[in-house]
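For reference, the structure discussed in these notes is given below.
Protein chains: 2
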Amino acid sequence: MASLKINSARLNETLQSTCTQWGALSTSTGMCRLTLSQEDKNVRDWLVNQCKEIGCEIKVDQMGNIFAIRPGTATDKLPIGLGSHLDTQPAGGRYDGILGVQAALEVLRTLHENDVKTHRPIALIDWTNEEGARFPGAMMSSGVWSTKSSAPLEACWGLRDTEGVTMQDALEEIGYLGTTPCDYRENGLECHFELHIEQGPLLEREGKSVGVVTAVQGMKWFAVRVTGVEGHSGTTPMDNRSDALVTASRLISAVRDAASRTGLGVATVGVIKSDTSSQATIPAGVEFIIDVRCSTDDMVDALATEIFKSFDAVVAEEENATSYDVTRTWGLPESKFHENCINAVRRAALGEVAESQIMDMKSRAGHDSAWTSRVVPTSMIFVPSKDGVSHNPNEYTSPEHCALGAQVLLQAVLRYDDCAKTGAF
Amino acid sequence: MASLKINSARLNETLQSTCTQWGALSTSTGMCRLTLSQEDKNVRDWLVNQCKEIGCEIKVDQMGNIFAIRPGTATDKLPIGLGSHLDTQPAGGRYDGILGVQAALEVLRTLHENDVKTHRPIALIDWTNEEGARFPGAMMSSGVWSTKSSAPLEACWGLRDTEGVTMQDALEEIGYLGTTPCDYRENGLECHFELHIEQGPLLEREGKSVGVVTAVQGMKWFAVRVTGVEGHSGTTPMDNRSDALVTASRLISAVRDAASRTGLGVATVGVIKSDTSSQATIPAGVEFIIDVRCSTDDMVDALATEIFKSFDAVVAEEENATSYDVTRTWGLPESKFHENCINAVRRAALGEVAESQIMDMKSRAGHDSAWTSRVVPTSMIFVPSKDGVSHNPNEYTSPEHCALGAQVLLQAVLRYDDCAKTGAF
Numbered sequence: 001m002a003s004l005k006i007n008s009a010r011l012n013e014t015l016q017s018t019c020t021q022w023g024a025l026s027t028s029t030g031m032c033r034l035t036l037s038q039e040d041k042n043v044r045d046w047l048v049n050q051c052k053e054i055g056c057e058i059k060v061d062q063m064g065n066i067f068a069i070r071p072g073t074a075t076d077k078l079p080i081g082l083g084s085h086l087d088t089q090p091a092g093g094r095y096d097g098i099l100g101v102q103a104a105l106e107v108l109r110t111l112h113e114n115d116v117k118t119h120r121p122i123a124l125i126d127w128t129n130e131e132g133a134r135f136p137g138a139m140m141s142s143g144v145w146s147t148k149s150s151a152p153l154e155a156c157w158g159l160r161d162t163e164g165v166t167m168q169d170a171l172e173e174i175g176y177l178g179t180t181p182c183d184y185r186e187n188g189l190e191c192h193f194e195l196h197i198e199q200g201p202l203l204e205r206e207g208k209s210v211g212v213v214t215a216v217q218g219m220k221w222f223a224v225r226v227t228g229v230e231g232h233s234g235t236t237p238m239d240n241r242s243d244a245l246v247t248a249s250r251l252i253s254a255v256r257d258a259a260s261r262t263g264l265g266v267a268t269v270g271v272i273k274s275d276t277s278s279q280a281t282i283p284a285g286v287e288f289i290i291d292v293r294c295s296t297d298d299m300v301d302a303l304a305t306e307i308f309k310s311f312d313a314v315v316a317e318e319e320n321a322t323s324y325d326v327t328r329t330w331g332l333p334e335s336k337f338h339e340n341c342i343n344a345v346r347r348a349a350l351g352e353v354a355e356s357q358i359m360d361m362k363s364r365a366g367h368d369s370a371w372t373s374r375v376v377p378t379s380m381i382f383v384p385s386k387d388g389v390s391h392n393p394n395e396y397t398s399p400e401h402c403a404l405g406a407q408v409l410l411q412a413v414l415r416y417d418d419c420a421k422t423g424a425f
Numbered sequence: 001m002a003s004l005k006i007n008s009a010r011l012n013e014t015l016q017s018t019c020t021q022w023g024a025l026s027t028s029t030g031m032c033r034l035t036l037s038q039e040d041k042n043v044r045d046w047l048v049n050q051c052k053e054i055g056c057e058i059k060v061d062q063m064g065n066i067f068a069i070r071p072g073t074a075t076d077k078l079p080i081g082l083g084s085h086l087d088t089q090p091a092g093g094r095y096d097g098i099l100g101v102q103a104a105l106e107v108l109r110t111l112h113e114n115d116v117k118t119h120r121p122i123a124l125i126d127w128t129n130e131e132g133a134r135f136p137g138a139m140m141s142s143g144v145w146s147t148k149s150s151a152p153l154e155a156c157w158g159l160r161d162t163e164g165v166t167m168q169d170a171l172e173e174i175g176y177l178g179t180t181p182c183d184y185r186e187n188g189l190e191c192h193f194e195l196h197i198e199q200g201p202l203l204e205r206e207g208k209s210v211g212v213v214t215a216v217q218g219m220k221w222f223a224v225r226v227t228g229v230e231g232h233s234g235t236t237p238m239d240n241r242s243d244a245l246v247t248a249s250r251l252i253s254a255v256r257d258a259a260s261r262t263g264l265g266v267a268t269v270g271v272i273k274s275d276t277s278s279q280a281t282i283p284a285g286v287e288f289i290i291d292v293r294c295s296t297d298d299m300v301d302a303l304a305t306e307i308f309k310s311f312d313a314v315v316a317e318e319e320n321a322t323s324y325d326v327t328r329t330w331g332l333p334e335s336k337f338h339e340n341c342i343n344a345v346r347r348a349a350l351g352e353v354a355e356s357q358i359m360d361m362k363s364r365a366g367h368d369s370a371w372t373s374r375v376v377p378t379s380m381i382f383v384p385s386k387d388g389v390s391h392n393p394n395e396y397t398s399p400e401h402c403a404l405g406a407q408v409l410l411q412a413v414l415r416y417d418d419c420a421k422t423g424a425f
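Protein chains in written order, with full-length UniProt numbering: chain A, 1 to 425; chain B, 1 to 425.
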């Protein structure tokens with residue numbers, strides 16, 4: 001079993017060709033495969049066919065999550081899950097999420113062509129809307145499945161994209177509004193493994209090739225609305241203005257400064273929207289979203305407190321009253337992964353590369369595994385991202401690292417299955 | 001002649017009812033009548049019919065400017081123009097522009113029903129796209145007509161709205177792509193008068209009811225694009241970021257601070273747009289437009305210089321390289337009005353109210369008259385704006401002030417016509 005090898009060429013060819021066909025940007029190697037778009041439907045249809053061809057049973061749940069299950073010898077056991085996502089940012093890359101699903105398919109193909117019989121079933125999972133780029137709220141459908149997210153099924157169904165389409169309609173439109181309950185208690189897993197690119201610079205900087213991920217940092221999003229008074233840009237004296245964009249600008253600067261000053265973690269304003277579309281009007285309403293991430297939940301709260309304290313100082317200094325409101329829109333608590341899964345990954349990695357090539361690390365990005373870890377044993381495998389770049393067309397992980405990650409995933413699954421059979425982890 | 005009176009009730013009823021029918025916002029007394037929209041077509045059609053009914057000849061030029069000309073006794077003279085605009089901001093009021101056109105119609109109606117024969121023809125003018133809210137570039141079509149604007153006919157025709165519709169197609173679509181040359185040398189005026197609301201607080205603050213406008217302050221618009229490096233909001237360390245939105249925020253603060261500090265004039269950022277629509281992505285590209293206005297061109301240049309000097313300081317202080325580019329998109333030089341027109345307005349006002357009710361002033365907003373003043377004698381009449389509010393649904397000018405403005409307009413025209421006949425201004 002330890003000698004079983006994935007097919008590196010097939011993995012990389014499949015990953016590149018499916019990206020080229022469904023969602024490639026025309027001017028770069030980047031991707032735009034928004035969740036539940038036509039491109040997403042096409043790659044889902046392809047995935048389902050590939051899995052059926054190698055004998056998997058397909059379940060689609062109420063959030064469009066696809067479970068492709070290869071049977072094990074045991075008929076009374078839950079499957080070992082290998083999950084990630086096929087959707088991307090509007091201008092993302094070919095590896096974030098996609099590698100994890102394609103590697104899971106390569107694991108299933110390898111098991112199939114070598115006629116390997118695992119004790120437990122093995123489930124490939126494509127989680128819907130991990131990116132939160134079309135319907136707001138990242139890692140949405142693994143969150144619903146875990147029942148631990150603050151956004152339950154009906155709330156997610158009702159979310160609208162910028163065109164006004166609801167998530168439920170979008171699922172129905174592409175034929176992925178399934179009937180399997182999106183709930184781990186009714187459609188469960190034994191555990192969850194996820195191969196992912198690091199999306200940061202640490203592995204590359206340290207000269208390592210495999211990251212054994214032990215946790216995911218905590219994160220919270222806050223929606224801020226600044227309110228001022230509209231007015232004519234020519235006739236309103238400077239000292240008579242309540243300019244919502246000027247105040248918002250000072251607040252956005254304060255977010256950056258609070259994160260840099262305290263060193264508690266990272267804080268980002270990624271989206272800004274002004275009510276005004278006229279060059280000659282003083283903006284009266286501006287909205288933006290703050291993304292705060294730290295290695296512990298306490299640090300997230302401390303950084304958020306620091307940010308809002310500096311907001312109060314900014315608003316107090318403005319000559320005329322502008323005001324701001326904050327809504328906590330979304331959060332993912334710090335996630336600690338399970339020892340059994342971490343050990344399976346570490347031992348699998350040691351079987352493939354020297355110990356000096358491996359490091360333990362925390363994930364600084366959110367992943368579906370953060371939600372699965374709330375309800376089933378979970379861990380992740382990281383492989384290096386060139387220059388730490390992600391959410392960008394220049395995202396890149398070498399074919400060798402993609403293959404190494406898939407090989408570690410295969411071996412981690414086999415080791416976990418073996419240990420779980422006897423209970424001797 | 002000095003006893004000739006406009007019909008105050010008719011003016012105000014017409015103004016309100018045409019607003020209610022074509023472009024009224026449903027939740028306020030505000031207006032959304034974007035240029036060349038269906039609402040604009042409807043009010044234009046109505047205006048053309050009203051003018052025809054009282055014996056005017058209609059010309060529509062290549063930019064859709066409507067000239068409704070009431071003949072004079074002289075057949076070899078150019079008309080005295082009374083112009084303004086019927087388009088509004090996306091959430092504007094019922095008086096900005098609209099009052100000037102409705103007052104001009106009321107002047108024509110008054111002349112008609114009193115069977116007054118003027119020496120020169122009188123032309124009502126509805127200038128297209130004064131607001132620049134749908135197709136960028138305010139006072140666009142009077143600018144083309146004057147031939148002094150940096151945006152000539154073909155460039156304006158090619159502009160696109162946010163839906164991608166060109167201005168030429170929009171003109172054709174509503175039936176207002178006329179054949180009269182949009183050029184004062186081929187479709188000329190003797191002079192141009194414009195009644196407008198002040199859009200600022202000065203008349204109200206001073207307790208005056210008529211402003212004799214002697215000039216329009218200079219203005220320039222600059223488009224700024226800030227470039228950073230896209231990245232993942234969770235995995236990119238704070239000290240490794242080139243965040244275009246953080247830099248843009250510091251620049252927008254600097255615009256406000258430079259204007260407040262120098263006291264040279266006003267500077268506003270009314271529009272901001274980020275390339276990024278993802279909460280989890282560090283923005284790599286942000287665009288905004290700066291609107292700078294001062295009472296002289298030298299002061300405009302001095303304030304712009306001060307702003308860009310502070311930009312360089314902001315960018316130099318950023319830890320990682322972000323950069324910015326500036327494009328001068330539009331400008332309107334300081335406009336000095338013509339003594340003959342100013343005198344006609346002042347004398348007309350003195351005939352209606354006490355001298356203590358009248359003040360000379362500069363316009364701080366741009367108007368079509370700024371362009372006409374480049375090529376024909378021009379002046380304006382201001383009436384008070386409640387609380388100085390404009391470009392806002394709360395814009396308000398009392399019926400009494402609307403009527404007073406229209407009455408001054410009528411008498412200014414009659415006085416000018418009289419003086420022009422003999423050359424004794």
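Backbone N, C-alpha and C fix where the C-beta goes; we use that ideal spot for every residue, glycine too. Since we're looking at a predicted model, the values are computed, not measured.
Distance between residue j and residue i (C-alpha atoms, nearest Å)
i	j	result
A:R94	B:G92	46 Å
A:T322	A:T281	16 Å
B:P399	B:N12	6 Å
A:G97	A:V107	16 Å
A:V413	A:I197	18 Å
B:D368	A:P283	24 Å
B:T73	B:P79	11 Å
B:F382	A:N320	27 Å
A:I342	A:T378	8 Å
A:A313	B:E186	60 Å
A:E206	B:A138	56 Å
Whether residue i touches residue j by CB criterion (8 Å)
i	j	result
B:T110	B:L195	no
B:I272	A:I272	yes
A:G303	A:V286	The displayed chain sequence assigns Leu, not Gly, to residue 303 of chain A. Their beta carbons are not under 8 Å apart, which means A:L303 does not touch A:V286 by this criterion.
B:Q89	B:K208	no
B:E131	B:D87	yes
B:A344	B:R415	yes
A:R160	A:T35	no
Cβ-based burial, residue i [other Cβ within 10 Å; buried from 16]
i	result
B:N49	exposed
A:N114	exposed
B:T27	exposed
A:R346	buried
B:P136	buried
A:S363	buried
Chain A contact for residue i (CB, 8 Å cutoff)
i	result
B:S28	no
B:H401	no
B:W371	no
B:R328	no
B:T73	no
B:D325	no
Minimum Cβ-Cβ distance from residue i to chain B less than 8 Å
i	result
A:H119	no
A:I307	no
A:G97	no
A:E287	no
A:H85	no
A:H338	no
A:W127	no
Cβ-based neighbour list, residue i, same chain, cut-off 6 Å, excluding 5 preceding and 5 following
i	result
B:Q199	A365, S385 and S390
residue 435 of chain B	Coverage of chain B is limited to positions 1 through 425, which leaves residue 435 of chain B absent and any answer about it impossible.
Same chain, Cβ closer than 7 Å to residue i, neighbours up to 5 away in sequence not counted
i	result
A:C19	M31, R94 and I98
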